[in-house]
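> Let me begin by handing over the structure; questions about it come next.
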Amino acid sequence: MALDVVTNDASALTEEDLEELAGMDEAFTAEELLQAQEDWVLITTARFGNALHGFTFSTLERIGGTPCVLIGLMTVKRTSKRDQVLRGLMGEAYHRALMAFPDEDVVVGSRFVNADARVAFKDLDGLTPSPGEDAVGEERAWGRRLAKRFSIDKKYDAKSFTASTGAQAGYLDFEATDPDKIDAELVELMSKVPAAKGGAMVVYGWTMAEDLQKLGKR
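The numbering of the sequence shown is this note's numbering, which starts it at 175 and goes up by one.
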């Protein structure tokens, strides 16, 4: 059965739609999803037949003139098809970016609480922060910009790219089928996120215009 990925305006979600999203019963509560509907412009769903396997709240906008894909909230159902669902959701995000910014380099950013979910950004360049790399001034500036956009700047530390608390109203929620295959240095980096206290790390990367032509192609 083929994966069906569809994007609509988040404002068009009905009470029944929100109940279905909450019924997937992964990381986010009904109240958090209702807030996500208000905070983000687009809702993308991924289904096999009638069964919901994942969804994303996101928006396309410019920050300081730079085109951005902001993933406010994403969650993927813990099934054997989770990798396919993640690829489908990210592919749709890239397609939307290509339609909106066809000839420009684009920043893609989200919040993360574990190493597993970083695979969602594997096709991006300049992924920041990354193990063994010290972010420079402009890279940290982008972290601050995104933290402000995600409304977590009050508890945000620009050096670690991490907000210590109150940062999990939305993030990229994904668990790997085989966590033992995740790079040990990446696991160590993400282990510093105080996830149990509501903390999250801001992570972003770039897709160059020529790469976006491939990533967003249908």
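All C-beta atoms, glycine included, are put in the ideal place defined by N, C-alpha and C. All of these numbers come straight from a predicted model, not from anything done at the bench.
For the alpha helix (DSSP H) that residue 315 lies in, which residues bound it at each end?
Unbroken alpha helix (DSSP H) run through residue 315: 311-323.
> Taking its Cβ as the centre, do 16 or more other Cβ atoms sit within 10 Å of residue 225, making it buried, or is it exposed?
Counting Cβ neighbours within 10 Å, residue 225 comes out exposed, since fewer than 16 surround it.
> Verify whether the separation of the beta carbon atoms of residue 200 and residue 230 is less than 8 angstroms.
Against a cut-off of 8 angstroms, the Cβ pair of residue 230 and residue 200 comes out as no contact.
> Would you please state the rounded distance, in angstroms, between the beta carbons of residue 196 and residue 207? I believe it to be under 8 angstroms.
Indeed, because the Cβ distance is near 6 angstroms, the residues count as touching under 8 angstroms.
> Buried or exposed: which applies to residue 273, given that a residue is buried once 16 or more other Cβ atoms fall within 10 Å of its Cβ?
Answer is exposed; the Cβ neighbour count stays below 16.
> Should residue 393 and residue 294 be called a contact, given that it needs their Cβ atoms to be closer than 8 angstroms?
The displayed coordinates of the chain run from 175 to 392. Any statement about residue 393 would go beyond what the structure contains.
> Tell me the rounded alpha-carbon separation between residue 253 and residue 351.
Answer to the nearest angstrom: the Cα atoms are 8 angstroms apart.
> Determine the direct distance from the alpha carbon of residue 258 to that of residue 178, and round the result to whole angstroms.
Each residue's Cα considered, the two are about 11 angstroms apart.
> In whole angstroms, what is the alpha-carbon distance linking residue 312 and residue 318?
Looking at the two C-alpha atoms, the distance is approximately 10 angstroms.
> From the DSSP output, read off the bridge partner residues of residue 182.
In the DSSP output, where bridge partners are listed per residue, residue 182 has 217.
> Among the candidates 283, 263, 203, whose CA atom is the shortest distance from the CA of residue 390?
Out of 283, 263, 203, 263 has the C-alpha closest to the C-alpha of residue 390.
> Have a look at 353, 315, 344 and flag the residue whose alpha-carbon is nearest the alpha-carbon of residue 331.
Minimum Cα distance to residue 331 is reached at 315.
> Please say whether residue 366 and residue 334 have beta carbons closer to each other than 8 angstroms?
Yes. Within cutoff.
> Can you tell me which of 361, 284, 276 puts its alpha carbon nearest to the alpha carbon of residue 322?
If we check each option's Cα against that of residue 322, 284 comes out closest.
> Hey, does residue 341 have any beta-carbon neighbour from chain C nearer than 8 angstroms?
Any reference to chain C falls outside this structure, which holds one protein chain only.
> Output the boundary residues of the beta strand (DSSP E) element that contains residue 345.
Where residue 345 is concerned, there is no enclosing beta strand (DSSP E), given that its DSSP letter is neither H nor E.
> Tell me whether the segment 379-390 and the segment 357-364 touch, counting them as touching only if at least three CB pairs, one residue from each stretch, are closer than 8 angstroms.
Not touching, per the Cβ criterion.
> Should residue 375 go down as buried or exposed, given a rule of 16 or more other Cβ atoms within 10 Å for buried?
With 16 or more other Cβ atoms within 10 Å, it is buried.
> For residue 262, name the three-state secondary structure that DSSP assigns.
Residue 262 falls in the helix class under three-state DSSP.
> Tell me where the alpha helix (DSSP H) around residue 190 begins and ends.
189-197 is the span of the alpha helix (DSSP H), which, as asked, contains residue 190.
> Are the CB atoms of residue 306 and residue 326 within a distance shorter than 8 angstroms?
Against a cut-off of 8 angstroms, the Cβ pair of residue 306 and residue 326 comes out as no contact.
> From the DSSP secondary-structure annotation, give me the bridge partner or partners of residue 250.
Bridge partners of residue 250: 228.
> Here's a check: name, in chain order, each residue in its chain whose Cβ is nearer than 7 angstroms to the Cβ of residue 210, leaving out the five neighbours to either side.
Hits under 7 angstroms: 231, 246, 247, 344.
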